[in-house]
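**Q** When we follow our numbering, the leftmost residue of the sequence shown carries the number 1044, and every step to the right adds one. Next up is a structure, given as structure tokens.
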Amino acid sequence: MRIGSESPGVLVATVGLALTLASACLAAPPPSPAEPVDWLTWADDTRLLIKELIRVDTTNPPGGEAQLLERVKKRLDLEGIPSELLLCAPGRANLVARLSVGDPRPPVVWMAHVDVVETRDQRWTVPPLEGVERDGYLWGRGAIDSKAMAALGVQLLCLVKRSGRPLSRGLTLILTADAESDSRRGLAWLLANRPDLLRADGVLMEGGNVVEHRGPVRLVEVETAQKTSFDLTLEATGPATHGALPGSDSAIFRLARALTRLAQFEPPPSGPTPRRAPPPPGRSRPGRTTTPCSGPRSPPRASRRSPGPAWSPRPPRPG
């Protein structure tokens, strides 16, 4: 995660996407003028919270997310934000925090997971669970996936709460366990036990990224879906042959050819092809994508490739 002198720009730009989504929740200006946000202090507090979360070992397995979420709950309690710690197994938990109103419409949801994959046998040059700052970056397991997202969600609720502005609809934070496994203790558990928490008009989660390079934000990625595993069973039929003379048309050879074709299959893009945006006026960086957040923009150039159809797996033909 990039930090340093430009870190407020990264954090502010990241949460800016959330504030855009959350702006639909704000009904009116506060009763009295709110103090302007000190974004430098806010970004520094967010960075410190990310480091604190990294230092809590939630390697999955075994997880141990409850110890981290207990700290988050204490922070939310101090801000007067109602939250609920949902224990789902020894040491495993999910957390839900709400800024609610009487509006019956589903809330806007910010979601992140707090478990991380293991670091064993990996070539870390810094202790992976200490949140080390080096060369303008914050290094640690979870700095990107996705304890930073969790910390930003906590900070977002605190920011909205402190603003004193009334909400026209609810704003919910959901921090989950077990995303790096099969989610049986995380989203799957919530779907089975608390599906009411997952009804939302909009969800902002880890799908996407914000990239900056010493100045304006260059790229904001918005991800709406992920490719997951797909289980299938293949059956092949063919003439019965003797093991000594199987022939090339037996069921085994047909199945082997089908598996080879399946392994070589490259699915087409399932959405719009990424486009290269023109550089801002006065900035020419051949071969680089530069997308300023504000200011005059030229129309994007047409994509060289047309988007392909959504991929749907097709069983290979026998033979």
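For each residue, glycine too, the CB sits at the ideal point set by N, CA and C.
Of the choices 1156, 1293, 1174, 1278, whose alpha-carbon is the least far from that of residue 1225?
**A** Locating residue 1225 in the sequence shown gives position 182, where the first residue counts as 1. Of 1156, 1293, 1174, 1278, the residue nearest in Cα terms is 1156.
**Q** Taking just the CA atoms, how far does residue 1168 sit from residue 1106?
**A** Here residue 1106 is taken as the residue at index 63 of the sequence shown, counted from 1. Here residue 1168 is taken as the residue at index 125 of the sequence shown, counted from 1. Their backbone Cα atoms lie some 23 Å apart in a straight line.
**Q** Classify residue 1109 as buried or exposed, calling it buried when 16 or more other Cβ atoms lie within 10 Å of its own Cβ.
**A** The sequence position of residue 1109 within the sequence shown is 66, counting from 1. Result: buried.
**Q** Is residue 1153 helix, strand or coil by DSSP?
**A** Position 110 of the sequence shown, counted from the start, is the residue given in the question as residue 1153. The answer is strand: DSSP assigns residue 1153 an E or B state.
**Q** On the three-pair Cβ rule with 8 Å, is the segment 1203-1212 touching the segment 1144-1155?
**A** yes
**Q** Tell me which residues share the same chain as residue 1287 and place their Cβ nearer than 7 Å to its Cβ, disregarding the 5 neighbours each side in the sequence.
**A** The count along the sequence shown starts at 1 and reaches residue 1287 at position 244. Once the five neighbours on either side are set aside, residue 1287 has no close Cβ partner at all.
**Q** Are there 16 or more other CB atoms within 10 angstroms of the CB of residue 1089, so buried, or fewer, so exposed?
**A** Here residue 1089 is taken as the residue at index 46 of the sequence shown, counted from 1. Residue 1089 should be labelled buried.
**Q** Going by Cα to Cα distance, which pick from 1122, 1097, 1164 is closest to residue 1111?
**A** Translated into positions along the sequence shown, residue 1111 becomes position 68. Selected option, being the one with the closest Cα: 1097.
**Q** Go ahead and label residue 1117 buried or exposed: buried means 16 or more other beta carbons lie within 10 angstroms of its beta carbon, across all protein chains shown.
**A** Position 74 of the sequence shown, counted from the start, is the residue given in the question as residue 1117. Its Cβ having fewer than 16 others within 10 Å, residue 1117 is exposed.
**Q** Can you give me the C-alpha to C-alpha distance between residue 1309 and residue 1197, rounded to a whole angstrom?
**A** Start at 1 with the first residue of the sequence shown, and residue 1309 comes out as number 266. Start at 1 with the first residue of the sequence shown, and residue 1197 comes out as number 154. Rounded to the nearest angstrom, the two C-alpha atoms are 40 Å apart.
**Q** With 16 other CB atoms within 10 Å as the buried threshold, where does residue 1272 fall?
**A** By one-based count along the sequence shown, residue 1272 stands at place 229. Flag for residue 1272 reads exposed.
**Q** Residues in the same chain with beta-carbon distance under 6 Å from residue 1081, minus the five sequence neighbours each way, listed in chain order, please.
**A** Looking up residue 1081 in the sequence shown gives position 38. None.
**Q** Quick check: the Cα distance between residue 1186 and residue 1306, rounded to an integer number of angstroms?
**A** Taking the first residue of the sequence shown as 1, we reach residue 1186 at position 143. Taking the first residue of the sequence shown as 1, we reach residue 1306 at position 263. Between residue 1186 and residue 1306, the C-alpha separation is close to 34 Å.
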